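Below: the structure, in structure tokens.
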Amino acid sequence: MESSSEPKPIITVGQHIQESQRAYPTATGDFSWLLDAITLATKIIESNVRQAGIRDVLGGTGLSNVQGELVQKLDRISNDTIVRCLGYRDNVGIMVSEEDDEPIVARDMGERGKYIVLFDPLDGSSNIDVNVSIGTIFSIMQRRADTPKSNAPLSECLQPGMNQVAAGYVVYGSSTVMAYTTGDGVHMFTLDPSFGAYVLTRENVKMPPEGKMYSVNEAYRSTFPEGYQRYLEWAKTKEAGNYSLRYIGSLVADFHRTLLRGGVFLYPPTGQQPQGKLRLLYEANPLAFIAEQAGGAASDGQMRILDKCPDTLHQRTPLILGSKHEVERVLSFVD
Ligand code: AHG
Ligand code: MN
Ligand code: MN
Numbered sequence: 002m003e004s005s006s007e008p009k010p011i012i013t014v015g016q017h018i019q020e021s022q023r024a025y026p027t028a029t030g031d032f033s034w035l036l037d038a039i040t041l042a043t044k045i046i047e048s049n050v051r052q053a054g055i056r057d058v059l060g061g062t063g064l065s066n067v068q069g070e071l072v073q074k075l076d077r078i079s080n081d082t083i084v085r086c087l088g089y090r091d092n093v094g095i096m097v098s099e100e101d102d103e104p105i106v107a108r109d110m111g112e113r114g115k116y117i118v119l120f121d122p123l124d125g126s127s128n129i130d131v132n133v134s135i136g137t138i139f140s141i142m143q144r145r146a147d148t149p150k151s152n153a154p155l156s157e158c159l160q161p162g163m164n165q166v167a168a169g170y171v172v173y174g175s176s177t178v179m180a181y182t183t184g185d186g187v188h189m190f191t192l193d194p195s196f197g198a199y200v201l202t203r204e205n206v207k208m209p210p211e212g213k214m215y216s217v218n219e220a221y222r223s224t225f226p227e228g229y230q231r232y233l234e235w236a237k238t239k240e241a242g243n244y245s246l247r248y249i250g251s252l253v254a255d256f257h258r259t260l261l262r263g264g265v266f267l268y269p270p271t272g273q274q275p276q277g278k279l280r281l282l283y284e285a286n287p288l289a290f291i292a293e294q295a296g297g298a299a300s301d302g303q304m305r306i307l308d309k310c311p312d313t314l315h316q317r318t319p320l321i322l323g324s325k326h327e328v329e330r331v332l333s334f335v336d
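Per this note's numbering, the sequence shown runs over residues 2 to 336.
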């Protein structure tokens, strides 16, 4: 038993991945090589985030993306950083970014490009200029050799979230924390700036099964479907037992708090966004995978997020994400 006086071992994310991959005889180290590119990219993004204002990374680019949203300078820098770092890894075949209309084919299947990496390079862009936590979200799938060559790259990317082989996020907050799963629990690392490595801080993170906290932008409440409105009324009653509202406006930060403290995050259909605002492939899917691995749940109000078969690359989805019992409670009003 490790006494508190004994120094804790320093386990980096690379070591952790290699250790966990050792359990799989077929593991080729391919995956840790890929994850290394993602951790490298997030360290470069983190240094830009921490020097915002000193480096010219604040404000907009004056351009809009496929989402119809104004692209911030840090969105573009983060996107280009991830594409550059991943593009040099020969096991990355296709990249899908929130910032790019079409999939980026880095190399063909024949050249070992067996992984598809889907990512939101910078989540919470509206918070960049006001120094509020933002993040990066990623999802990893394998290419499907059976798809018709016609529009292969696109159709290879349109897989249900249950096919993910890994998922993770980095939250650039008061500290920089990475969480990832390969389907064998959720593990967390904190970036130690003194030597630039992500160090293991929590293994097999479990989400509290319930939590008296809901996270939603109530400004749109009057346009939510009626079931969501009834849930929000219920959550304010004495019978519900003093729920509090926490909403940062960065999905990755609102999720990180929910993962550690319990509760539920909601982005329902709204008048403006009848399908919800959040994107299935690189926001809902990766966080749903992590939530379920930590004992939580993720639904679109009708079905499990990870069962959804996407029709388009940037498809949006309603999202109910968090503690198992809290998601079930919302569904009891919404279903
Ligand atoms: P992104 O910055 O990648 O476009 O994501 C922003 C998302 C998500 O981070 C957050 O939960 C949501 O937008 C906030 O939306 P509202 O401002 O409509 O509440
Ligand atoms: Mn986002
Ligand atoms: Mn984004």
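Backbone N, C-alpha and C define an ideal beta-carbon position, used for all residues, glycine too.
A quick note: this is a predicted structure, and the numbers were derived from the prediction, not measured.
{"Check": "Identity of the residue in Gln160, Leu75, Asn92 nearest glutamine 316 by Cα", "Outcome": "Gln160"}
{"Check": "Neighbour-count burial assignment, methionine 2, 16 or more Cβ in a 10 Å radius", "Outcome": "Because methionine 2 sits at a pLDDT of 48, beneath the cut-off of 50, its placement in the model cannot be relied upon, and the following sentence gives the value as read from the coordinates. Exposed, because fewer than 16 other Cβ atoms sit within 10 Å of the Cβ of methionine 2."}
{"Check": "Touching by the beta-carbon criterion (3+ pairs, under 8 Å), the segment 299-312 and the segment 232-249", "Outcome": "no"}
{"Check": "Simplified DSSP assignment, three categories, for valine 84", "Outcome": "helix"}
{"Check": "Closer than 6 Å to ligand 2: residues, by C-beta to nearest heavy atom, in chain order", "Outcome": "Asp121, Asp124, Leu252, Glu284"}
{"Check": "Straight-line Cα distance separating aspartate 81 from isoleucine 45", "Outcome": "11 Å"}
{"Check": "Same chain, Cβ closer than 6 Å to leucine 36, neighbours up to 5 away in sequence not counted", "Outcome": "Ile18"}
{"Check": "Phenylalanine 256 - containing beta strand (DSSP E), residue span", "Outcome": "Taken as a continuous stretch (DSSP letters only), phenylalanine 256 belongs to no beta strand (DSSP E), being part of the alpha helix (DSSP H) at 252-262."}
{"Check": "Alpha-carbon spacing of aspartate 255 relative to glutamate 157, whole angstroms", "Outcome": "30 Å"}
{"Check": "Length of the line joining the Cα atoms of isoleucine 321 and alanine 146", "Outcome": "33 Å"}
{"Check": "Glycine 169 CB to nearest heavy atom of ligand 1 below 7 Å", "Outcome": "no"}
{"Check": "Distance between valine 106 and tyrosine 215 (C-alpha atoms, nearest Å)", "Outcome": "39 Å"}
{"Check": "Reference lysine 237, options Val253, Glu219, Ser251, closest by Cα", "Outcome": "Glu219"}
{"Check": "Histidine 188: first and last residue of the uninterrupted beta strand (DSSP E) it sits in", "Outcome": "187-193"}
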